[in-house]
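Here's the structure, in structure tokens; my notes come after.
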Amino acid sequence: MSLRDDFVKFIQQGNLVQLAIAFVIGAAFAAVVAALVADIITPLIGVVIHVNFSAWVYTLNGSVFMQGAFLNAVITFVIVAIVVFFLIALPYQRHQNAVAKKKAAAPPTTRACPECLTQIPLAAKRCSACTSPVEPVPPAPPAAPAAPAAPASS
679 MSLRDDFVKF IQQGNLVQLA IAFVIGAAFA AVVAALVADI ITPLIGVVIH VNFSAWVYTL
739 NGSVFMQGAF LNAVITFVIV AIVVFFLIAL PYQRHQNAVA KKKAAAPPTT RACPECLTQI
799 PLAAKRCSAC TSPVEPVPPA PPAAPAAPAA PASS
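Residue numbers (the working numbering): 679 to 832.
So, in structure tokens, the structure goes:
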């Protein structure tokens, strides 16, 4: 394979394309939030506290410090961080916790070989790695469904 073919294969991988799409959507979302903050939120805050954030600058020895633009950037960052947390991070964390609980609740399907400590199926009679004979373990019975709660008497 040539270097060009390797590069084309790399570009066509699903993860890279998904990452590129996520980056473009994220940049567009950040631009919308920045416009929302600069054009709507900070002017509303300015009406309440009587400050024009776009003209809020400080000059020192010819250097201009733009506190209003910085405040807009901070508010934009906070809004984007909150949205990412509630729409992406929190649901992902809940999903991961549910998967972990499901894995923890599932009965084991393998065990360690007493000779070489390789993981083998519970019903195996011989280790596939060291070929030593092992006693099969009967599978665990399925868990009984939870009994319905009795109605409270009043």
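Built from N, CA and C at the ideal position, the CB exists for glycine as well. Nothing here was measured: the structure is a model prediction, and the numbers come from that model.
field: Proximity below 8 Å, CB of C794 to CB of A807
entry: yes
message: What would DSSP say about V761, mapped onto helix, strand or coil?
response: helix
- prompt: By DSSP, does S832 sit in helix, in strand, or in coil?
  reply: Bear in mind that a pLDDT of 48 at S832, under 50, signals an unreliable position, so the number given afterwards is only what the model happens to contain. DSSP places S832 in coil when its eight states are reduced to three.
Classification of F731 by the beta-carbon crowding that lies within 10 angstroms, buried from 16 upward: buried
- prompt: Would F701 pass as a contact of L694 if the rule is Cβ separation under 8 Å?
  reply: no
field: Whole-angstrom distance between G724 and L765, CA atom to CA atom
entry: 29 Å
query: Where does N739 land, buried or exposed, given buried means 16+ other C-beta within 10 angstroms?
result: exposed
message: At the level of alpha carbons, what is the spacing between V815 and N775?
response: 30 Å
message: Is it buried or exposed, A767, if we count other Cβ atoms within 10 angstroms and call 16 or more buried?
response: exposed
query: V715: buried (16+ other C-beta within 10 angstroms of its C-beta) or exposed?
result: buried
field: DSSP-derived helix/strand/coil call for S835
entry: Coverage of the chain is limited to positions 679 through 832, which leaves residue 835 absent and any answer about it impossible.
- request: Could you tell me how far apart the beta carbons of T796 and N750 are, in whole angstroms, since I believe they sit closer than 8 Å?
  value: Wrong, their Cβ atoms sit about 60 Å apart, outside the cutoff.
- request: Just confirm the distance between the C-beta atoms of V711 and V758, as a whole number of angstroms; I'd bet it's less than 8 Å.
  value: 5 Å
- prompt: With burial defined as no fewer than 16 other Cβ atoms inside 10 Å of the residue's Cβ, what is the status of I753: buried or exposed?
  reply: buried
task: Identify, in the order they occur along the chain, each residue of the same chain with its Cβ nearer than 7 Å to the Cβ of C805, setting aside the five sequence neighbours on each side.
output: C791, E793, C794, T796, I798 and V812
- prompt: So what's L795 in DSSP terms, helix, strand or just coil?
  reply: coil
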